[in-house]
Amino acid sequence: MESTKILMDEHRLIERVLTALQVAAQRVSQGDEIRPAFFLNAALFIKNYADGCHHNKEEGVLFVALISSGMPMQGGPVGAMLADHEQGRLFTHEMRDAAQKWEAGDQSASNAVVQNAFGYVALLRQHIQKEDSILFPMAHRVLSPERQDQVDADFDRLRAEETVAGLHEKYLALAETLEIESIRQI
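So the sequence shown is numbered by the numbering used here: it starts at 66 and just counts up by one.
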């Protein structure tokens, strides 16, 4: 099933940003200089790539297919993944809001940035591991070959839309910028 390979490939890019975010948050917690804009850019990547492109495929296609194939939404892996997505959105929202306050001069807001960044990183690392090792193999067993083909076709359509919009190149470039900035001295 090509769709789960696509999702796992996207996970690898998201993990690169998680590492950069963790490094930057650790540096701030140790008193190093990191621009608040770093965290605003990380939140932009999360909102538009991790949550936008990636979670759109999961929530709009794969999870729908799993539920229609008999997997329960509540009390099962799909419900757990959706809860993680919501928690991730909350961490991202709080990190972005605190980074905006920090950028406007409220130095104390850097603590909330760091805590929400660490929370998001921990959540997403665990979330990705559960999807890669449990949910995606389960999808291969639960979905009929015809349903897998439909999921793959729906993914192809979404990926084509993302390609036309240049989203993958844009967010790959942003991920690379975040990686470099997280280790660079100001």
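Ideal placement from N, C-alpha and C gives every residue a C-beta, glycine not left out.
Put simply, the region 231-249 touches the region 110-129. At least three CB pairs are less than 8 Å apart.
In the DSSP annotation of this structure, the continuous segment of the alpha helix (DSSP H) that includes G184 starts and ends at 174-195.
Contact check for V216 against A130 passes: the beta carbons are separated by less than 8 Å. The shortest CA-to-CA distance from R249 to any of S94, V179, S133, V88 is the one to V88. Under the three-state reduction of DSSP output, M73 falls in the helix class. The beta strand (DSSP E) runs lying completely inside the region 200-228 and spanning 3 residues or more number zero. Within the model, the alpha-carbon separation for P210 versus N181 is close to 41 Å.
Around the Cβ of I79, a 10 Å sphere holds 16 or more other Cβ atoms; the residue is buried.
The residue from F183, I99, D149, M66 with its alpha-carbon nearest to that of M160 is F183.
Under a 10 Å Cβ-count criterion, G135 is classified as exposed, with fewer than 16 other Cβ atoms of the shown protein chains found around its own Cβ. Its chain contains P142, M146 as the residues whose beta carbon lies nearer than 7 Å to that of L200, once the 5 sequence neighbours on both sides are disregarded; these appear in chain order.
In the DSSP annotation of this structure, the continuous segment of the alpha helix (DSSP H) that includes H158 starts and ends at 142-168.
Taking the C-beta atoms as reference points, S94 is found nearer than 8 Å to V179. Of R222, G170, H150, the smallest CA-CA separation from Q191 is found for H150. Only residues of its own chain outside the window of five on either side were considered, and among them V82, A85, L86, A89, M160, A182, L243 have a CB closer than 8 Å to the CB of A107, listed in chain order.
N121 places its beta carbon less than 8 Å from that of L223.
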